[in-house]
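For my numbering, add 1 to where a residue sits in the sequence shown, where the first one is 1. See structure below.
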Amino acid sequence: TGDWETLDRLRKDHPGKICPKPSSLEAQTLSGLSVAAAGDLIYTNYPISGFVCKNEDQPKKMCNDYRVSFVCHPPTECVGPSHHRDDPSGPGACDTTEASTEQNFYAYNPTQGFICRNKDQKSGNCRDYKVGFGCPCKY
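Written out as structure tokens, the structure reads:
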């Protein structure tokens, strides 16, 4: 009949491995081709329902074999508390991860964390930042 990678069936086959509310779906053939490169006509490709390729819709009456992955935003319960550490009289803010401003950051990555140095700013001072950690969640 085709290749039916429905969300309901995949959840039954892989319990606890797919997040509750996928935001998008990515599909490719088992050989690694994108849907566009494979050239199949796809019946449905939505994160809430899944991916369906029907043989009857194809010129050669046969779908490629696909694998799918669901893209999920991390649930809020997997994000740790915000953290803050700063000495206003010191050389700058030494928090660890996440910010969005027009200031220059010395470090902004999961390994070093977030470091804003007063000497790198036009104004001579870093703003006072609050940061949070995101943890990987099992899907």
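Glycine included, every Cβ here is placed at the ideal spot set by N, Cα and C.
Give a yes or no on whether the minimum CB-CB distance between residue i and chain B is below 9 Å.
i: Ala38; result: Chain labels in this structure do not include chain B; a single protein chain is all it has.
With DSSP as the reference, please indicate the residues paired to residue i in a beta bridge.
i: Thr30; result: Tyr67
i: Asn46; result: Phe52
i: Asp1; result: In the structure as shown, the chain begins at 2 and stops at 140. Residue 1 is therefore absent and cannot be evaluated.
Closer than 7 Å by C-beta to residue i: which residues in its own chain qualify, once you throw out the five before and the five after it? Chain order, please.
i: Phe71; result: Ile19, Cys20, Pro23, Leu26, Pro48
i: Leu42; result: Asp58, Gln59
i: Cys73; result: Cys20, Pro23, Ser24, Tyr140
i: Gly91; result: With a pLDDT of only 48 at Gly91, under the threshold of 50, the placement of this residue in the model should not be trusted, and no figure is reported.
For residue i and residue j, what's the separation of their Cα atoms in angstroms?
i: Asn105; j: Met63; result: 55 Å
i: Asn119; j: Asp129; result: 11 Å
i: Asp121; j: Gly3; result: 59 Å
i: Ile116; j: Cys127; result: 10 Å
i: Val53; j: Gly17; result: 22 Å
i: Ser124; j: Ala108; result: 18 Å
i: Leu31; j: Arg10; result: 19 Å
Below 8 Å on the Cβ atoms is my contact criterion, and I expect residue i with residue j to pass it. Report the Cβ-Cβ distance as a whole number of Å.
i: Tyr44; j: Lys55; result: 5 Å
i: Ala28; j: Val69; result: 5 Å
Excluding the 5 residues flanking residue i on each side, which residues of the same chain have their C-beta closer than 8 Å to its C-beta?
i: Ser50; result: Thr7, Leu8
Suppose the cutoff is 6 Å on Cβ atoms and the five residues either side in sequence are ignored; what does the same chain contact list for residue i look like?
i: Arg1; result: Examination of residue 1 is not possible in this model, given that the chain is present from 2 through 140 alone.
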